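For reference, the structure is listed below as structure tokens.
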Amino acid sequence: MRLSRVLGSVLGPVAVAAGLVAVPAVAHADQPTINWGPCPEGVTEERAECGHVTVPKYYDAPDKGTIDVGFIRLKATGERKGSLFTNPGGPSGDAYAWVNNANWPDEIEQEFDIIGVQPRGLRDSGALNCSMTAATGNPLETLTKAGAVTRNNCEKNTPGYTDSLTTENTARDWEVVRQALGDERINIAGLSYGTFLGSTYATLFPQHTDKVVLDSGMNPDMAWNQIFASQQAGYENALHDFFNFVAKNDDTYHAGKTPLKAYERWSQIVAAEAGVRPTVLPPDAEIGDLPPGLEFAGQPGANIMTATGELRVQAEHLAGKASNPQGIQATSPTLQVTRDQVVPRPEAWDAMAKHIGGIEPLDFNAIEPQASEADQEAAIQSLVNTQSMQNIIMCNENTAPMDPTRIPAFLWSNYVTVDPFTLFNSMYASGVGCGGRAPITKPVQVSGAQLATKPLQIQSTGDPQTPYAFYRGLSDPMQSRVVTVHGPGHGHFAMGNQAVNQIVVDYLRTGEVHTADAPGFFDQPQAQEQPTQ
208 MRLSRVLGSV
218 LGPVAVAAGL
228 VAVPAVAHAD
238 QPTINWGPCP
248 EGVTEERAEC
258 GHVTVPKYYD
268 APDKGTIDVG
278 FIRLKATGER
288 KGSLFTNPGG
298 PSGDAYAWVN
308 NANWPDEIEQ
318 EFDIIGVQPR
328 GLRDSGALNC
338 SMTAATGNPL
348 ETLTKAGAVT
358 RNNCEKNTPG
368 YTDSLTTENT
378 ARDWEVVRQA
388 LGDERINIAG
398 LSYGTFLGST
408 YATLFPQHTD
418 KVVLDSGMNP
428 DMAWNQIFAS
438 QQAGYENALH
448 DFFNFVAKND
458 DTYHAGKTPL
468 KAYERWSQIV
478 AAEAGVRPTV
488 LPPDAEIGDL
498 PPGLEFAGQP
508 GANIMTATGE
518 LRVQAEHLAG
528 KASNPQGIQA
538 TSPTLQVTRD
548 QVVPRPEAWD
558 AMAKHIGGIE
568 PLDFNAIEPQ
578 ASEADQEAAI
588 QSLVNTQSMQ
598 NIIMCNENTA
608 PMDPTRIPAF
618 LWSNYVTVDP
628 FTLFNSMYAS
638 GVGCGGRAPI
648 TKPVQVSGAQ
658 LATKPLQIQS
668 TGDPQTPYAF
678 YRGLSDPMQS
688 RVVTVHGPGH
698 GHFAMGNQAV
708 NQIVVDYLRT
718 GEVHTADAPG
728 FFDQPQAQEQ
738 PTQ
């Protein structure tokens, strides 16, 4: 089964309300010029239109040159009510792919032009061109100055450009696109980092901002070291939620009657693919996990298993490494897909559960088809550019203090276990990710005080990437009306949660929010029917 089939599910239609006033775009003689042209690779939506506008590299120093920023537009299919500017997060999310692939509710497609402004530094929008070779032959310097090495590798081919990669400049790029399109005001729908970007625009240009949807709000005060620190527990908890789902539906998946048994079944698959077992923290043990003959130990015995679980998986990994020195857990496609695509996206849980249970194994070649050598090299270069862009913008405006006590976790996960559930988080939480590169700007202090309509903020209790405990870092300054989604997942609008879709549609139409709670993905009718025999 192809996982992309699950992630690309189409939402059913919802009735369209009448009686809304159209807001036409108005052309002005002095508005910026749009250079319309073909859309980049991967944009398959027939009605998609793509263009570029010319913007300064530095808005506070226009003499330093210009870049061409790209954007995509899906024009409203019915009576147009305005534009909806959107961003998928990152900071490195591709606006073209997001606008093209998101499951936009029918009402949104009918009533709004959907606009994705490609963030500067990414493909087709003043793209970085970063060297793929290390800037120094000294491994210690590369380790301790990762931020500086990344910047220097990109400055080689795009000199004088990397300091322009900031959230504020990207928000100002939005403003040029707004002017070029002739909209007096725009609506905003940001996901994850896109909530910070959208809030930055709304703070800088409240007079041109109508309604703002903040989906899975990012706490700006935690950018960026503390955000990654929070994601360590966030991802572990969400992974355990997935295994709870698998165990709860064991009659369907036959992959383990307890979360720990489901984890063990998953771990065996990872070990078969990679040659070593994974080291991510296992779920808590239950009485049903006790070995035969030890059931008398009850829950206290299970608690001992839980307390020693982390040491056990580390020891099992090292034992496997001793017998298979070439084994690297991160080479397991099951592990990588679980971390990157399954844990944040509950609509993909059914497919992975069937994979673990052996009912319908995932075809990883279908997800990542084999490419020619030239295509592989181009894909690697694109990945280097994208990851470098993300590192640069985070290091340019990093404000949260680092935690040196996390350096051992980074060294262990980077050089010994290569655990993707820990490596990336510990790299930034410890400060290693921006080593040798101090921030060059302070991000805009976001505020919703000047907005005529207060934002709608969607926040999930099971979110691994923007954990629920920290949502007020954005909702308080933006004066958001918060809707709590009771369930898993990072991102909900236009991603499969029909209850959230309707809340957003109603808000964009009326500016009103009539609830503080929404069901999670598995509490909706279409999701309850998902596990099948």
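Take 208 as the starting number for the sequence shown in the working numbering and just add one per residue.
Idealized CB from N, CA, C, for every residue including glycine.
Here the structure is a predicted model, which is why all the values come from computation and not from measurement.
- Alpha-carbon to alpha-carbon, Thr-660 and Lys-418: 6 Å
- Item | Cut-off 6 Å between Cβ atoms - residues of its own chain near Asn-598, not counting five sequence neighbours on either side | Thr-357
- Item | Burial state of Ala-355 (16 or more Cβ within 10 Å) | buried
- Item | Beta-carbon gap between His-259 and Asp-275 smaller than 8 Å | yes
- Message: Please state the DSSP three-state secondary structure of Val-230.
- Response: The pLDDT assigned to Val-230 is 42, lower than 50, so where the model puts this residue is not dependable; a value taken from the coordinates is nonetheless given after this. Three-state result, Val-230: coil.
- Task: Go through its chain and collect everything with a Cβ distance to Ser-290's Cβ below 6 Å, but skip five positions before and after it.
- Result: Asp-320, Ile-322, Asp-390, Ile-393
- Task: Evaluate Trp-473 with the Cβ neighbour count: other Cβ atoms within 10 Å of its Cβ, from every protein chain shown; 16 or more gives buried, anything less gives exposed.
- Result: Under a 10 Å Cβ-count criterion, Trp-473 is classified as buried, with 16 or more other Cβ atoms of the shown protein chains found around its own Cβ.
- Query: When DSSP labels each residue in this structure, what does Phe-631 get in the three-state scheme?
  - Reply: helix
- Query: Is Arg-688 helix, strand or coil when you go by DSSP?
  - Reply: strand
- Query: Taking the alpha carbon of Phe-728 as the point to measure from, which residue in Ala-481, Met-339, His-697, Pro-239 has its own alpha carbon closest?
  - Reply: When Ala-481, Met-339, His-697, Pro-239 are compared, the shortest CA-CA separation from Phe-728 is found for His-697.
- Query: In this structure, does DSSP put His-699 in helix, strand or coil?
  - Reply: coil
- Message: I need the straight-line Cα distance from Ala-229 to Asn-376, nearest angstrom please.
- Response: Low confidence applies here, because Ala-229 scores a pLDDT of 40, under 50, leaving its location unreliable; read the following figure in that light. Straight-line Cα distance between these residues: approximately 30 Å.
- Query: Roughly how many whole angstroms lie between the Cα atoms of Thr-365 and Phe-412?
  - Reply: 30 Å
- Sub-8 Å separation of Gly-642 and Ala-302 beta-carbons: no
- Which of helix, strand or coil DSSP assigns to Val-213: No answer about Val-213 holds up, because its pLDDT of 37 lies below 50 and its placement is not dependable.
- Message: So, at 8 Å on beta carbons, what are the nonlocal neighbours of Gly-534 in its own chain, with the 5 sequence-adjacent residues on each side left out?
- Response: Ala-481, Gly-482, Val-483, Gly-527, Lys-528
- Query: Distance, Cα to Cα, Ala-555 vs Lys-271?
  - Reply: 46 Å
- Message: At the level of alpha carbons, what is the spacing between Val-720 and Ser-530?
- Response: 59 Å
- Query: Taking buried to mean at least 16 other C-beta atoms within 10 Å of its own C-beta, is Asn-572 buried or exposed?
  - Reply: exposed
- Does Asp-428 get closer than 8 Å to chain C when you measure Cβ to Cβ? The chain labelled as chain C is not found in the depicted structure, where only one protein chain is given.
- Message: Quick check on Lys-808: buried or exposed, where buried means 16 or more other Cβ atoms within 10 Å of its Cβ?
- Response: The requested residue 808 is not part of the displayed model; the chain covers only 208 to 740.
- Query: Could you give the distance in angstroms between the alpha-carbon of Ile-741 and the alpha-carbon of Met-559?
  - Reply: With the chain running from 208 to 740 in the structure shown, residue 741 is simply not present.
- Can you tell me whether DSSP reads Arg-280 as helix, strand or coil? strand
- Item | Whole-angstrom distance between Gln-588 and Ala-342, CA atom to CA atom | At Ala-342, the pLDDT of 44 sits below 50, so the modelled position is not reliable; the number obtained from the coordinates is stated separately. So the alpha carbons of these two residues sit roughly 16 Å apart.
- Query: How would you call Pro-231, buried or exposed, if buried means at least 16 neighbouring beta carbons within 10 angstroms?
  - Reply: With a pLDDT of only 47 at Pro-231, under the threshold of 50, the placement of this residue in the model should not be trusted, and no figure is reported.
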